[in-house]
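Sequences listed follow chains P and W, in order. For the first sequence, the working numbering begins at 164 and goes up steadily by one. For the second sequence, the working numbering begins at 2 and goes up steadily by one.
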Amino acid sequence: MQDVQELVSKARQGNAEAFASLIERFERSALAVAYAQLHDGHRAGDAVQDAFLRAWQELPRLQEDSRFGGWLLQIVRNAAIDLRRRARPTVADFPDVSAAGPSPAQALEQTDAAARIQAALATLDETTRTAVVMRYYEGLSAKEIGAALEMSPAAVDMRLSRARGQLKELLAPLVEPADVIKETPKRPKVLGERV
Amino acid sequence: MTMQHPFSSPPPPPPHSDPAQGAPDALEALLTQQLKVALEPQRGKALAAFRAQVAREAPLPMVKGVIPRRALWYWAGVPSLIAASLAVVVTLQAVNRPAVVPAGGDGGVRPVAAGMGGGEEGASGAGLAAAATGVSLMPGAGAEMLPSPTIVFNQRETLREVNGGFAVLSDNTPVQIIRRQQTRQTQWVDPREQAVYSLTEEPIENVGYTRVQPY
């Protein structure tokens, strides 16, 4: 597998295949950043698509190849903000009940769960939300998320930890059975170590 | 120095792969599942759009080999030559049609009277065509078919309206009579006999009535 910097260097010289490899590598991160802005998978996909096309056009202006990741995610973020500004109701805004599950009842249940999770994520600040999506969608470590968001791993851990507590409270009905809602377990040990 | 991309993402490890954080709980599993449902279908879209963009930007494929200028002239000239040849053939055919002239021609301009029915424009058209196509103009006058070329060099059509006076129709409507007269004259040369022929069609007359407003 080629090194990212090498791919960036080739892409800057107009090598489309190198840029295609970069798209494959950074696509999940880009989707995570866009989703954190837009709270919608379809529109996140659109924003990422726009962002990669913009990045391909703007690539000659990139100062340092080693900063490609942060530069790209900033483009994705801007593309998502642009898309949010000109947001209009689209088909993507309505849940596709027919595709969500085998029966209408299950489909509605899943749609409801998705809406609750989106609402819960929306209560987080943008950076924390991005970190959460990167964590749970892409499976990145605190160090990797920190590198992407230009934060220390400890700061990422702290944000993730707080976010988990907040989300657990908000999503308790989905996580626990309705009659056995427990208190959110605290993790003083983990927090103590990381903060 | 090579950069190890810290968050590039081929197969994602499960959340909480960090050993310090332990096994994923129900909330994390729920988040992971929900985010995958929302975002995984979007994967590949950007790559497809990029490839389409690159294909659009790519220059058109060049045809292998170069067409020599001479060949270009040749292929451009052939249709023109064919068209010109056809035009010549068609013209010669039209010109070389055997013409019909009255027997006993002795040079000079020979008037030919066409059998045109007065008042019928169709008949006049047929008469004119007869001069060009060589159909017998005077079938009953001993006309003879000549293979020699015939060249039409003059053709004239005259139209005039003559005031025919006033009349009163049976319903006591006063009208003005207008006689519209049309004459055609065609002249051609027979090179074989070195004679010039002239065909004057009998005037075609249409009579029209125009209502006169009495004061």
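Virtual Cβ for every residue (Gly too), placed ideally from N, Cα, C.
Check	Outcome
Are at least three pairs of beta-carbons, each pair with one atom in the segment 191–204 of chain P and one in the segment 273–292 of chain P, less than 8 Å apart?	yes
Pairing CB atoms from the segment 203–213 of chain W with CB atoms from the segment 169–188 of chain W, are three or more of them under 8 Å?	yes
Residues of chain P with CB under 8 Å from W/V90, in chain order?	Simply none; closest approach about 58 Å.
Would W/V55 count as contacting chain P if we go by Cβ distances under 8 Å?	yes
Nearest chain W C-beta to P/R327 closer than 8 Å, yes or no?	yes
Based on the DSSP output, what are the partners of W/N173 in its beta bridges?	None; W/N173 has no bridge partner.
Pop quiz: P/D228 and P/S172 are said to be a contact at Cβ under 8 Å. What is the actual Cβ separation, rounded to whole angstroms?	5 Å
Any contact between the segment 41–51 of chain W and the segment 315–322 of chain P? By contact I mean 3 or more CB pairs, one from each, below 8 Å.	no
State whether the segment 180–192 of chain P contacts the segment 216–232 of chain P, with contact taken as three or more CB pairs (one from each stretch) at a distance under 8 Å.	yes
So with CB distances below 7 Å, who are the chain P contacts of W/P80?	Those within 7 Å of W/P80 in chain P number zero; the least Cβ separation is about 43 Å.
Using the beta-carbon of each residue, which ones in chain P are nearer than 7 Å to W/A47?	I186, E190, V211, Q212 and F215
Taking the C-alpha atoms as reference points, what is the distance between W/E220 and P/R175?	Residue 220 of chain W lies beyond the stretch modelled for chain W, which goes from 2 to 216, so this question has no answer here.
Run through DSSP, which three-state label would P/T291 get?	helix
Taking 8 Å as the limit between beta carbons, can you name the residues of its chain near P/V338, skipping five residues before and five after?	K331
Would P/I238 count as contacting chain W if we go by Cβ distances under 8 Å?	no
Quick one: which chain W residues come within Cβ less than 8 Å of P/T234?	Reading off the sequence shown, one finds Trp at residue 234 of chain P, where the question assumed Thr. Per Cβ cutoff of 8 Å: no residues; P/W234 is ~12 Å from chain W at best.
Are the C-beta of P/A270 and some C-beta of chain W separated by less than 8 Å?	no
8 Å is my cut-off, CB to CB: does P/I280 come that close to chain W?	yes
Please name the residue or residues paired with W/N207 in a DSSP beta bridge.	W/R181
Rounded to whole angstroms, what's the CA-CA distance from W/R157 to W/Q188? Just pull it up for me.	9 Å
Could you tell me whether any Cβ in chain P is nearer than 8 Å to the Cβ of W/A39?	yes
On the criterion of 16 or more Cβ atoms from any shown chain inside 10 Å, does P/E307 qualify as buried, or is it exposed?	buried
Quick one: is W/A72 near chain P, going by C-beta distance under 8 Å?	no
If you measure from the beta carbon of P/V338 to each beta carbon in chain W, is any gap under 8 Å?	yes
Between W/A24 and chain P, is there a C-beta pair that is closer than 8 Å?	Low per-residue confidence applies at W/A24: pLDDT is 47, beneath 50, and the placement is therefore not dependable, though the value from the model is reported in the following sentence. Cβ-Cβ to chain P under 8 Å: no for W/A24.
Quick one: does P/K331 have its CB under 8 Å from some CB of chain W?	yes
Is any beta-carbon of chain W found at less than 8 Å from that of P/L194?	yes
Determine the extent of the alpha helix (DSSP H) in which P/G177 is found, giving its start and end residues.	Segment: none, P/G177 is in no alpha helix (DSSP H) and carries neither H nor E.
Please classify W/V79: does DSSP put it in a helix, a strand, or coil?	helix
Pairs of beta-carbons, one from the segment 207–216 of chain W and one from the segment 163–181 of chain W, closer than 8 Å: are there three or more?	yes
Under 6 Å Cβ to Cβ from W/R161, same chain only, skipping five residues before and after it: list those, please.	Q182
How many Å lie between P/E180 and W/Q43 at the Cα?	20 Å
With DSSP as the reference, please indicate the residues paired to W/E158 in a beta bridge.	W/R185
Using a Cβ cut-off of 8 Å (strictly closer), state whether P/L334 contacts chain W.	yes
Flag W/A50 as yes if its beta-carbon sits less than 8 Å from any beta-carbon of chain P, otherwise no.	yes
Determine the direct distance from the alpha carbon of P/G302 to that of P/L333, and round the result to whole angstroms.	22 Å
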